[in-house]
Amino acid sequence: MSEDNMRSRLLGVTQLAADYCATCENAREMEKMEFVDRMLDLLPRIYWEFFDLSADIVALDEFDYFSSYVDEDYYDSIRRHIEALLGPDDVFLETFEEDMKYSDTPIAASIAESLADIFQPLFDFISITKDTDGEKITEAYMQCKEDFGSYWSQMLCNVLRALNHIKYSSNGE
């Protein structure tokens, strides 16, 4: 892939991440099903871009690690607004939790917390890109991609299942 095509794809991923973050930030102003529909639109595309695009990016031998732009209060406000919007539908059973294999009881997870956990690396990615006028977009993507592989890809898949349940069950209406 040419450098121009790669840059264009990275800018597209940045816009997709920005759309996700804006949706999370504006959750308190949305109707529940509008928010669920928006997440069901964004999350599969985000997964695909972080899965697919990384194969085309030449791995950097070294890249700077950036500090987080999301402090605890900001994270918590995102989580709380989504939790309030979803109400009792926020809780779902987590089947991929490591502790699940040792537990006799189901382990509950929170859609809001999962979405906030995904929000943090995506917000960092777009913030780094913006603050460096796009000069560090590849490094920012690589850091976010590393986090994707480490923890938030599985979380995205799990929360997508829970959101799908809200969309197609009578609870979501």
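Just so we're aligned, residue 11 is where the sequence shown starts under the working numbering, counting upward by one. Quick reminder that beta carbons are idealized off the backbone N, C-alpha and C, glycines included.
Fill in: Option in His91, Asp14, Phe129 with minimal Cα separation from Leu166
Position 156 of the sequence shown holds residue 166. Leu166 has its Cα closest to that of Phe129, out of His91, Asp14, Phe129.
Worksheet item: Relative to the C-alpha of Glu104, which residue among Glu123, Glu82, Val46 is closest?
Response: Here residue 104 is taken as the residue at index 94 of the sequence shown, counted from 1. Selected option, being the one with the closest Cα: Glu123.
Practice prompt. Could you work out which residue in Asp127, Ser163, Glu156 is closest to Cys31 when comparing CA atoms only?
Written response: Reading the sequence shown from its first residue, position 21 is the one you call residue 31. Cα-wise, what sits closest to Cys31 is Asp127.
Fill in: Whether Ala28 touches Ile136 by CB criterion (8 Å)
Counting from one through the sequence shown, the residue named residue 28 turns up at place 18. Counting from one through the sequence shown, the residue named residue 136 turns up at place 126. It is a contact, given that the beta carbons lie within the stated cut-off.
Worksheet entry | Simplified DSSP state of Val101, which is helix, strand or coil | Here residue 101 refers to the residue found at position 91 when the sequence shown is read from its first residue. In the structure shown, Val101 sits in a strand (DSSP, three-state: E or B).
Worksheet item: Is Leu20 near Ile147, with beta carbons less than 8 Å apart?
Response: Within the sequence shown, numbered from 1, the residue matching residue 20 stands at position 10. Within the sequence shown, numbered from 1, the residue matching residue 147 stands at position 137. Yes, these two residues count as a Cβ contact at 8 Å.
Item to complete: Please say whether Leu95 and Phe158 have beta carbons closer to each other than 8 Å?
Response: By one-based count along the sequence shown, residue 158 stands at place 148. By one-based count along the sequence shown, residue 95 stands at place 85. Cβ distance not < 8 Å, so Phe158 and Leu95 don't count as in contact.
Worksheet item: For Glu93 versus Ser120, is the C-beta distance shorter than 8 Å?
Response: Residue numbering aside, residue 93 sits at position 83 when the sequence shown is read from its first letter. Residue numbering aside, residue 120 sits at position 110 when the sequence shown is read from its first letter. Result yes, Cβ atoms of Glu93 and Ser120 sit closer than 8 Å.
Worksheet item: Any C-beta of chain B sitting closer than 8 Å to the C-beta of Ser163?
Response: The question asks about chain B, but that chain is absent: this structure has only one protein chain.
Worksheet item: For Arg55 versus Leu26, is the C-beta distance shorter than 8 Å?
Response: On the sequence shown, residue 55 is found 45 positions in, with the first residue counted as 1. On the sequence shown, residue 26 is found 16 positions in, with the first residue counted as 1. Yes.
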